[in-house]
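Sequential numbering of the sequence shown, starting at 19, is according to my numbering. Using N, Cα and C, we set each Cβ at its ideal position, and we do this for glycine too.
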Amino acid sequence: MLTKNLSTSKIQITAEQLLREAKERDLEILPPPPKQKISDPEELAEYQLRKRK
Numbered sequence: 019m020l021t022k023n024l025s026t027s028k029i030q031i032t033a034e035q036l037l038r039e040a041k042e043r044d045l046e047i048l049p050p051p052p053k054q055k056i057s058d059p060e061e062l063a064e065y066q067l068r069k070r071k
């Protein structure tokens, strides 16, 4: 496959800029906080049992 236009672009993007923008997009998408606080292993076991059913 041949590239038709071999001239440089007017706007150059560096690898650093690509990584920075990707990191910014990751920060935009935050998961919602948990609806329930689990404080001990027994509570966790009960929660997991309820979720399985």
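In three-state terms, what does DSSP make of residue i?
{"i": "residue 20", "result": "coil"}
{"i": "residue 59", "result": "helix"}
Taking only the alpha-carbon atoms, compute the straight-line gap between residue i and residue j and give it to the nearest angstrom.
{"i": "residue 34", "j": "residue 54", "result": "39 Å"}
{"i": "residue 60", "j": "residue 30", "result": "56 Å"}
{"i": "residue 37", "j": "residue 63", "result": "40 Å"}
{"i": "residue 26", "j": "residue 44", "result": "30 Å"}
{"i": "residue 40", "j": "residue 68", "result": "37 Å"}
Among the options, which one has its Cα closest to the Cα of residue i?
{"i": "residue 57", "options": "24, 65, 51", "result": "65"}
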